[in-house]
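Residue numbers (our numbering), protein chains in the order written: chain A, 1 to 359; chain B, 1001 to 1359. We put the beta carbon where it would ideally sit given N, CA and C, even for glycine. All figures in this text were calculated on a predicted structure; none of them were measured in a lab.
There are 2 protein chains.
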Amino acid sequence: MTIDEARAAFPVFERFAYLNAGTNGPLAGPTVAAMVERTQADLEQGRGGAEYFSSVVEQRERVRAKLAATVGVPGANLSLTTSTTNGCNIVLGGLGLGPDDEVLTTDGEHFELLGALGASSVKVRVAAVRELPPAQSLDVLLAEVTPKTRLLALSDICWVSGNRFPIDELKQATGLPLLADGAQSAGAVAVDASGIDYYAFSCQKWLCGPDGTGGLAVREPESLSVSAPSYLSQDGYEPTGAFSPRAGAKRFDSGWTPPPALAGLDAALDVAPEGRFERAAEMAARCRQLVAQKAEVVTAPGQGTLVTFRFDGDTAELVGQLYERGVVVRDLPGLGLLRVSCGWWTTDEDLDRLVAALP
Amino acid sequence: MTIDEARAAFPVFERFAYLNAGTNGPLAGPTVAAMVERTQADLEQGRGGAEYFSSVVEQRERVRAKLAATVGVPGANLSLTTSTTNGCNIVLGGLGLGPDDEVLTTDGEHFELLGALGASSVKVRVAAVRELPPAQSLDVLLAEVTPKTRLLALSDICWVSGNRFPIDELKQATGLPLLADGAQSAGAVAVDASGIDYYAFSCQKWLCGPDGTGGLAVREPESLSVSAPSYLSQDGYEPTGAFSPRAGAKRFDSGWTPPPALAGLDAALDVAPEGRFERAAEMAARCRQLVAQKAEVVTAPGQGTLVTFRFDGDTAELVGQLYERGVVVRDLPGLGLLRVSCGWWTTDEDLDRLVAALP
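Written as structure tokens, this is what we have:
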């Protein structure tokens, strides 16, 4: 499938320069067709019978394998979740860290990760690296590592600045367990999570999947407790609730992914044209150049697919004005920043439309 | 809306005697139409823009109010979850009970509740009341209460036997916090959860909602910790993740309910005909009588809407044979039991079809 063939599957592009996959990606026709087909079948046939259940379970495993391949891990290491938030909560809930333990994070994290830290009783150290040039951030991060650090918890790509954080280097330098928030990387850039202890991501962003779908890659599933089990977490249990976890990362599956969403995700993951990561990087680079003619760009060159820039006025108002002109981006409230999400589907025309609409 | 008018909205009844709402309820035409409409709009318009977000947030609050009314609590006490499982995990995660604490449960619980107990370090006491006549179960339960009991955690209606457990009487006699598993009661029988500390339920069963939707009623939201926060849990946070929980039970909202599912649930909750609980009880009583002509019924008279009976042969095989004859029920593997779910939508014809197909 070529980029152009794949792009033609997204009707929203006829209407908008859709530059907000960092929040919600565009949906492809086949994705929605699969969702509607499953929903209509459930209406007509009911959600029951042996074939219904076995076909959904089969589809779960197919989707698990596709998602695992997307982030470079074996299927046995991939859990089906509802969101990045859900994945982060699974990890912090399972680690059971206490007030004598420390976690290192950054000042550029989304609440999807921070909330899980805040809900635990662990001590959190925050490295101020959000807008640093990436080459400088490793040292700042390492300075916050202490003998009590039990977890490195930070984004692969920062949702605010769009910069990469040096997660592999940090892991290598410290040998500590790493929870990576992959919300802005899975599907946006080539990901190899095989060396990452916990890699949490969403599917409705760069993977263009239905809402409420996500994944969590766990390098050693047997070493993390199951803190919020679902029926799918076990293959046997006692009347007290003591249970035997299923093999691998299935044990963390947070429940019965709604079959329409599962069918949609299965279809969405097939809309993955050759050369998509290279194209996305090219378009982000071009976006950066164009925006820099009108505003101060925060994102360093050669990062992911987000391009963030400063705007001195009312950012929410500008986002509304851009939307009226057919350009979908978001602001980062309180920070005076706007964020543009470029994908493999982004065209020169989309970017010209964005820049023409900027004050 | 009369029962007959409401019944006509469910195409699956033209095909099946659909008697398995205890697993997944039937879907109504307007429910699926709302899901499809939202999905198509997301395809064409994208999942972005101020109006998109504000309309979904508005719909969340409308659905919250409807669900709250369904279980007899104020909207401020109702959290939007993904399932009964999710609700139970929220409660056990938030209570933070330890090995010196005890929880009282029964031998008739689903893993959706037991898993949350098993994942905590609490000591679990199991009262054997599953198939007892309900009048006798209170004493058996009370005999397992000790000075260390911190929580009563049991079903309102047992998913196996279909019998009611005396949750109100148990709460009254002990004054202890109560977590009720309402999976087989919400939407099946009239529910007043206003005196129950934690009432967890699913919406895809008796409320005929989309998959992946549920609710949790919390009597005193401020007294339970938020153990697995989502972005929607807070109205302010620090760089360390320390957060200020939103007022009321919203703080437990487990995430962004997929807008298509939310729209479907909004529509599904309107398909609630006058006299529905009375009719459902009548049909369950009639089912009990008819089945008793051919098998030993386990469910006591005058319980909820489940009717469970014994079958000496291969229960899975019988369920398959019934499905072939257009009758959808389930078995309870390993227990030699079959379970029939009667709703307000069940007709005499459905029950005659069931009984004619029984050996």
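Which of helix, strand or coil does DSSP assign to Ser-202 of chain A?
-> Of the three classes helix, strand and coil, the one that applies to Ser-202 of chain A here is strand, per DSSP.
Where does Thr-1039 of chain B fall in DSSP's three states?
-> helix
Simplified DSSP state of Ser-1223 of chain B, which is helix, strand or coil = Helix.
Between Asp-1314 of chain B and chain A, is there a C-beta pair that is closer than 7 Å?
-> no
Listed from N- to C-terminal order along the chain, which residues in the stretch 1226 to 1240 of chain B have their beta-carbon within a distance smaller than 9 Å of any beta-carbon of chain A?
-> Val-1226, Ser-1227, Ala-1228, Pro-1229, Ser-1230, Tyr-1231, Ser-1233, Gln-1234, Tyr-1237, Glu-1238, Pro-1239 and Thr-1240
DSSP three-state call for Arg-164 of chain A: helix, strand or coil?
-> strand
Arg-1219 of chain B versus Asp-1197 of chain B: straight-line alpha-carbon distance, rounded = Cα-Cα distance, rounded: 5 Å.
Do you know whose CA, among A:Ser-161, A:Thr-85 and A:Asn-24, lies nearest Glu-296 of chain A's CA?
-> A:Ser-161
With 8 Å as the limit, tell me which residues of the stretch 250 to 267 of chain A have their beta carbon closer than that to any beta carbon of chain B; keep them in chain order.
-> Ser-254, Gly-255, Trp-256, Thr-257, Pro-258, Pro-259, Pro-260 and Ala-261
By the 10 Å Cβ neighbour count, where 16 or more other Cβ atoms means buried, how is Ala-188 of chain A classified, buried or exposed?
-> buried
Starting from the beta carbon of Tyr-1198 of chain B, find every residue of chain A whose beta carbon is closer than 7 Å, and list them in chain order.
-> By Cβ distance, chain A contributes nothing, its closest Cβ being about 15 Å from Tyr-1198 of chain B, past 7 Å.
Quick one: which chain B residues come within Cβ less than 8 Å of Gly-93 of chain A?
-> Gly-1093, Ser-1227 and Ala-1228
Tell me whether Gly-1239 of chain B sits in a helix, a strand or coil according to DSSP, three-state version.
-> Sequence check: residue 1239 of chain B is Pro here, not Gly. Correct three-state label for Pro-1239 of chain B: coil.
So, is the C-beta of Leu-335 of chain A closer than 7 Å to a C-beta in chain B?
-> no
Through-space distance from Ser-1055 of chain B to Glu-44 of chain A, alpha-carbon basis = 29 Å
Considering only residues of the same chain and omitting the five flanking positions on each side of Ala-1316 of chain B, which have a CB-CB separation below 8 Å?
-> Asp-1331 and Pro-1333
Listed from N- to C-terminal order along the chain, which residues in the stretch 1197 to 1217 of chain B have their beta-carbon within a distance smaller than 8 Å of any beta-carbon of chain A?
-> Gln-1204, Pro-1210, Asp-1211 and Gly-1212
Beta-carbon contacts of Gly-1029 of chain B that lie in its chain and below 6 Å, excluding the five residues immediately before and after = Ala-1009
Is the shortest distance between the beta-carbon of Arg-1062 of chain B and the beta-carbons of chain A less than 7 Å?
-> no
Quick one: what does DSSP say Pro-1011 of chain B is sitting in, helix, strand or coil?
-> helix
Out of A:Ala-261, A:Gln-289, A:Gly-75 and A:Ser-83, state which residue places its alpha-carbon closest to the alpha-carbon of Ala-116 of chain A.
-> A:Ser-83
Whether Thr-1016 of chain B touches Val-1328 of chain B by CB criterion (7 Å) | According to the sequence as given, residue 1016 of chain B is Phe; it is not Thr. For Phe-1016 of chain B and Val-1328 of chain B, yes; Cβs fall inside 7 Å.
Which class does Leu-1176 of chain B belong to by DSSP, given the choice of helix, strand or coil?
-> coil
What are the residues that DSSP puts in a beta bridge with Phe-309 of chain A?
-> A:Val-297 and A:Leu-338
Test item: CB-CB of Asp-181 of chain A and Leu-113 of chain A under 7 Å | yes
Check each residue of the stretch 134 to 163 of chain A: if its Cβ is closer than 7 Å to any Cβ of chain B, include it; give the result in chain order.
-> Listed by position, the residues of the stretch 134 to 163 of chain A near chain B (Cβ gap below 7 Å) amount to none.
If we ignore side chains and look at the alpha-carbon of each, how far apart do Gln-321 of chain A and Pro-245 of chain A end up?
-> 52 Å
Any chance you could list the alpha helix (DSSP H) runs of at least 4 consecutive residues sitting entirely within the stretch 1078 to 1121 of chain B, in chain order?
-> 1084 to 1095 and 1111 to 1119
Residues in the stretch 36 to 56 of chain A with C-beta within 8 Å of chain B's C-beta atoms, listed in sequence order?
-> Under the 8 Å Cβ criterion, the stretch 36 to 56 of chain A contributes Val-36, Thr-39, Gln-40, Asp-42, Leu-43, Glu-44, Gln-45, Gly-46, Arg-47, Gly-48, Gly-49 and Ala-50.
C-beta atoms of Leu-1078 of chain B and Ala-1249 of chain B nearer than 7 Å | For the 7 Å CB-CB criterion, Leu-1078 of chain B and Ala-1249 of chain B form a contact.
Enclosing beta strand (DSSP E) for Leu-351 of chain A [first to last residue] = Counting along the chain, Leu-351 of chain A falls outside any beta strand (DSSP E), though it belongs to the alpha helix (DSSP H) covering 348 to 357.
C-beta contact flag for Val-103 of chain A and Val-122 of chain A at 7 Å | yes
Cβ of Ser-83 of chain A within 7 Å of any chain B Cβ = Closer than 7 Å: yes.
Among A:Val-12, A:Ala-217 and A:Arg-325, which one has its Cα closest to the Cα of Thr-70 of chain A?
-> Each of A:Val-12, A:Ala-217 and A:Arg-325 was checked against the Cα of Thr-70 of chain A, and the nearest Cα belongs to A:Ala-217.
Taking the alpha helix (DSSP H) that Asp-1139 of chain B falls in, what are its first and last residues?
-> 1134 to 1142
Which bits of chain A does Glu-1112 of chain B rub up against, with CB to CB less than 7 Å?
-> Tyr-231
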